[in-house]
Amino acid sequence: MKIKAFAKVNLFLEITSKRKDGYHNLKSIFARISLADEIEIKRNNCNEIRLLTINKANFTPIPNKDNLVWKAADAFCREFSIKPAFDIKVVKNIPAGAGLGGGSSDCASTLRAMAGILGLNLRDKKIERKLFSIAAQLGSDVPFFLSNNSMGICSLRGEKIKPIHPLCPMPWILVLWPDVFVSTAEVYKIFKLADPKDIRKNLIRLKEFEKNISQKKAFDFTPFLFNRLESGAFLVSPEVEKMKNFLNSHKGISALMSGSGSAVFALSYDRALLLSLKRKIPSLHKFVFLAKFI
Ligand code: C5P
156 MKIKAFAKVN
166 LFLEITSKRK
176 DGYHNLKSIF
186 ARISLADEIE
196 IKRNNCNEIR
206 LLTINKANFT
216 PIPNKDNLVW
226 KAADAFCREF
236 SIKPAFDIKV
246 VKNIPAGAGL
256 GGGSSDCAST
266 LRAMAGILGL
276 NLRDKKIERK
286 LFSIAAQLGS
296 DVPFFLSNNS
306 MGICSLRGEK
316 IKPIHPLCPM
326 PWILVLWPDV
336 FVSTAEVYKI
346 FKLADPKDIR
356 KNLIRLKEFE
366 KNISQKKAFD
376 FTPFLFNRLE
386 SGAFLVSPEV
396 EKMKNFLNSH
406 KGISALMSGS
416 GSAVFALSYD
426 RALLLSLKRK
436 IPSLHKFVFL
446 AKFI
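For the sequence shown, the positions run 156 to 449 when the working numbering is used.
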């Protein structure tokens, strides 16, 4: 079974409150893009889950048993009471620790692929509930990828998804990863929660953003792009802010950080403009990828 695991960017991300369990409630637009990892899963005769990761994205390797793919496969075998006898190969094209959801997407795709190998009906409500429960335990972003929506507004910890069906022409997207690792937990620890009045204003903006995306007309994304976690990530790594400012200094480009960083992205309807920008970015220690929303 071969399956792709697409990356995401967050076009909007506001944190609405801190929870008693240490997590934060958020409202965020998740949008899938054409950058993807590839996952291949086969049964084996070894009674163990063997994971091979091929790194094409210049990222720091994660020990196998801490890898979300391994954890997803292990949790799946326990939940459905099957032998943990699988070989999994992951080709990583999405940088890890970049806010692009690579690990979460790999995790969700592993759950979908294993369900496919077992011939489970993903539309069966009981199976769907079981898979979503595993997904939510493994990470806040995993349920979005499992839902297989191209775009959605995620709320609570990230696990509640309202699908958006974009009808507007979508811009091209240039993804830039400055090759620095930013810890999600650290960014959540140091960002500043806004006052309730500002949060309310921002959520009104989110509604307008959603309405524009759902209509057939092209519109300027610039005034709607927002990420509350930027301030925290910029403190952890000034390089991220430098990259965002570099992108924004070009006319006709709107830039934003994705998730908790460290990747930033630039949007434009002008593909040639993004390609010329791509050529300006030195290749050493910088990951740059021209993608589309899918
Ligand atoms: O769920 P995930 O493993 O991706 O979260 C990593 C860390 O990010 C959590 O341990 C938590 O500190 C923080 N986080 C948060 N609120 C969220 C998502 C993540 O505080 N909604």
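Glycine residues also receive a C-beta, built at the ideal position from the N, C-alpha and C atoms. A quick note: this is a predicted structure, and the numbers were derived from the prediction, not measured.
At the C-beta level, T171 and N165 stay beyond 8 Å of one another. Distances taken from the Cβ of G177 to the heavy atoms of the ligand C5P include one shorter than 7 Å. Nearest to K441 by C-alpha distance, out of D334, E169, K285, is D334.
In the structure shown, the three-state DSSP call for F364 is helix. Here DSSP, grouped into helix, strand and coil, assigns C309 to strand. By the neighbour-count criterion, in which a residue is buried when 16 or more other Cβ atoms sit within 10 angstroms of its Cβ, T208 is buried.
Listed in chain order, the beta strand (DSSP E) runs fully inside the region 378 to 403 amount to none, counting runs of at least 3 residues. Excluding five sequence positions before and after N403, the CB atoms of its chain that fall closer than 6 Å to its own CB belong to A410, given in chain order. In the DSSP assignment, L432 falls within the alpha helix (DSSP H) that extends over 426 to 435.
Under the DSSP assignment, M412 falls in the beta strand (DSSP E) whose first and last residues are 409 to 412. For V342, the enclosing alpha helix (DSSP H) starts and ends at 339 to 345. Only residues of its own chain outside the window of five on either side were considered, and among them I204, L206, N219 have a CB closer than 7 Å to the CB of W225, listed in chain order.
The C-alpha of A427 lies about 18 Å from the C-alpha of F401. Short of 6 Å from the beta carbon of E195, and not among the five residues preceding or following it, lie these beta carbons of its own chain, in chain order: K157, K244. Per DSSP, the unbroken alpha helix (DSSP H) holding V297 starts and ends at 297 to 302. Ranked by Cα distance from P250, the first of W327, A228, S305, F161 is F161.
Between L445 and L361, the gap from beta carbon to beta carbon reaches 8 Å or more. The beta-carbon separation of V342 and L380, rounded to 18 Å, does not stay under the 8 Å limit for a contact. Within the model, the alpha-carbon separation for K356 versus K175 is close to 24 Å. Under the three-state reduction of DSSP, E195 is assigned to strand. Looking at the DSSP output, F167 bridges to I184, F381. Membership of A446 in the beta strand (DSSP E) is indicated by the continuous run 442 to 447. Taking C-beta separations shorter than 6 Å and ignoring five residues to either side along the sequence, the partners of T339 in its chain run S415, following chain order. Under the three-state reduction of DSSP output, K247 falls in the strand class.
Residue pairing for D242: DSSP places it in a beta bridge opposite K197, R205. Look at R383: its beta carbon is at least 7 Å from all of the heavy atoms in the ligand C5P. Contact between the region 257 to 265 and the region 292 to 310 is established, with three or more Cβ pairs separated by less than 8 Å.
In terms of side-chain proximity, the C-beta atom of D296 is found nearer than 7 Å to a non-hydrogen atom of the ligand C5P.
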